[in-house]
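Engineer:
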Amino acid sequence: MKILIADDHALYRGALAQIVQQLAEGVTALEAHDWNSALELGLQHSDLSLAVLDLSMPDMESFEGLERFLECAQFTPVVVVSASESVQDMRRALDAGAMGYIAKSESTPILLRALGLVLSGGIYIPPRLLQSRPVVPPKNNAAMPRELTPQQVKVLRAIAQGKSNKEIAQEMGLSVATIKAHTGAIFKTLNVSKRFEAIRTAESIGLFAD
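Going by my numbering, the sequence shown opens with residue 4, and the numbers climb by one from there.
#1: Quick one: using the 10 Å Cβ neighbour count with 16 as the cut-off for buried, is lysine 142 buried or exposed?
#2: Using alpha carbons as the reference points, say which of Ala76, Leu132, Gln77, Leu42 lies closest to methionine 60.
#3: Using DSSP with H/G/I as helix, E/B as strand and the rest coil, what is leucine 97?
#4: When you compare the CB positions of isoleucine 126 and glycine 165, do they come within less than 9 Å of one another, or not?
#5: Please list, in chain order, all residues of the same chain as leucine 51 whose beta carbon is under 6 Å from its beta carbon, the five residues on each side excluded.
#6: Thinking valine 84 and isoleucine 105 are a contact (beta carbons under 8 Å), I'd like their distance in whole angstroms, please.
#7: Measure the C-alpha to C-alpha separation of alanine 20 and serine 65 and round it to an integer number of angstroms.
#8: In chain order, which beta strand (DSSP E) runs of at least 3 residues are fully inside the stretch 19-56?
#9: Quickly, what does DSSP pair valine 81 with across the bridge? List them, please.
#10: On the CB-based measure, 16 or more other CB atoms within 10 Å of its CB, does alanine 172 come out buried or exposed?
#11: Could you check where the alpha helix (DSSP H) with leucine 117 kicks off and where it finishes?
#12: Please classify lysine 5: does DSSP put it in a helix, a strand, or coil?
#13: Take proline 129 and list the residues in its own chain whose beta-carbon comes closer than 8 Å to its own, dropping the five residues that flank it on each side.
#14: Using the three-state DSSP reduction, which class does isoleucine 128 fall into: helix, strand or coil?
#15: Consult DSSP for glycine 17 and reduce its assignment to one of helix, strand or coil.
#16: What is the C-beta distance between lysine 191 and valine 179, in whole angstroms, given that I count them as a contact (C-beta under 8 Å)?
#17: On the criterion of 16 or more Cβ atoms from any shown chain inside 10 Å, does glycine 68 qualify as buried, or is it exposed?
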């Protein structure tokens with residue numbers, strides 16, 4: 004498994020390279036010190052399992068660098084690890100296509116859990132982002148997706164908490180296959196294709212208001 008670590012601070016980059024070794028056996032950490040070297044490694048290694056990128060690196064504006072990397076490494080899941088705890092930065096990174104945003108102030112266990120979630124196909128959304136916007140119930144109750152069953156609402160709430168299918172299955176006493184089926188039905192009902200889109204749609208229509 005190859006994981007790209009891009010950060011202009013050598014000490015933090017080295018620490019991250021050590022931390023990702025705990026994700027699985029045989030992890031190879033590739034290190035980049037700026038956006039250009041990250042882009043170069045992204046192009047050279049099409050088999051990257053994950054890219055962990057700082058936002059603020061020399062030689063390119065932060066979101067320009069992120070968007071360019073996402074374009075050149077379209078099949079590599081990207082997680083932003085940044086000193087910025089701005090909700091706007093979190094939202095913008097996820098909207099651009101990042102599969103997670105982790106503040107550098109977070110603990111190592113949270114970092115590992117978030118990276119593991121993304122590696123398993125999930126998306127890590129910072130709790131601060133989920134709590135940042137007060138949810139206003141829709142004026143028109145018809146906007147509510149009444150086809151969602153109570154079980155599916157429970158699954159959607161768990162997804163919003165950043166839990167993987169396996170974790171949700173264990174908590175609800177169901178199989179992973181059943182959780183995947185519920186997730187597929189949720190996506191179809193909300194007319195979305197990604198976890199983050201499902202969460203944002205649910206928030207916008209007041210599904211989490213209670």
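Even for Gly, the Cβ is constructed at its ideal location relative to N, Cα and C. Keep in mind that this is a model prediction, so the values were computed, not measured.
Structural biologist: A quick look at the data gives this:
#1: Residue 142 sits at position 139 when you count from the first residue of the sequence shown. With a pLDDT of 41 at lysine 142, under the threshold of 50, the predicted position of this residue should be treated as unreliable, though the coordinate-derived value follows. Lysine 142 is exposed by the Cβ-count criterion.
#2: Working through the sequence shown from its first residue, we reach residue 60 at position 57. Ranking the options by Cα distance to methionine 60, first place goes to Leu42.
#3: What you label residue 97 is simply residue 94 of the sequence shown in a count that begins at 1. If DSSP states are grouped into helix, strand and coil, leucine 97 belongs with the helices.
#4: If you number the sequence shown from 1, residue 126 lands on position 123. If you number the sequence shown from 1, residue 165 lands on position 162. Closer than 9 Å, so yes.
#5: Counting from one through the sequence shown, the residue named residue 51 turns up at place 48. Lys5, Leu7, Thr79, listed in sequence order.
#6: The count along the sequence shown starts at 1 and reaches residue 84 at position 81. The count along the sequence shown starts at 1 and reaches residue 105 at position 102. Right, the Cβ-Cβ distance comes to about 5 Å (below 8 Å), so this counts as a contact.
#7: Residue numbering aside, residue 20 sits at position 17 when the sequence shown is read from its first letter. Residue numbering aside, residue 65 sits at position 62 when the sequence shown is read from its first letter. For alanine 20 and serine 65, the distance between alpha carbons rounds to 21 Å.
#8: Taken in chain order, the whole beta strand (DSSP E) runs of length 3 or more contained in the stretch 19-56 are 31-35, 53-56.
#9: Working through the sequence shown from its first residue, we reach residue 81 at position 78. Its beta-bridge partners are Ala54.
#10: What you label residue 172 is simply residue 169 of the sequence shown in a count that begins at 1. It is buried - the Cβ of alanine 172 has at least 16 other Cβ atoms within 10 Å.
#11: Looking up residue 117 in the sequence shown gives position 114. For the sequence presented, residue 117 should be read as alanine rather than leucine. Start and end: 111-122.
#12: Residue 5 sits at position 2 when you count from the first residue of the sequence shown. Residue state, collapsed to three classes: strand.
#13: One-based indexing of the sequence shown puts residue 129 at position 126. Met93, Tyr104, Ile105, Ala106, listed in sequence order.
#14: As a first step, residue 128 must be located in the sequence shown, where it is residue number 125. It is coil, neither helix nor strand.
#15: Residue mapping note: residue 17 aligns to position 14 of the sequence shown, counting from 1. Under the three-state reduction of DSSP output, glycine 17 falls in the helix class.
#16: Taking the sequence shown and counting its residues from 1, the one referred to as residue 191 is at position 188. Taking the sequence shown and counting its residues from 1, the one referred to as residue 179 is at position 176. Separation of the CB atoms of lysine 191 and valine 179 is rounded to 19 Å, and the pair is thereby denied contact status at 8 Å.
#17: Here residue 68 corresponds to residue number 65 of the sequence shown, with the count starting at 1. Classification of glycine 68: buried, given that the 10 Å Cβ count is 16 or more.
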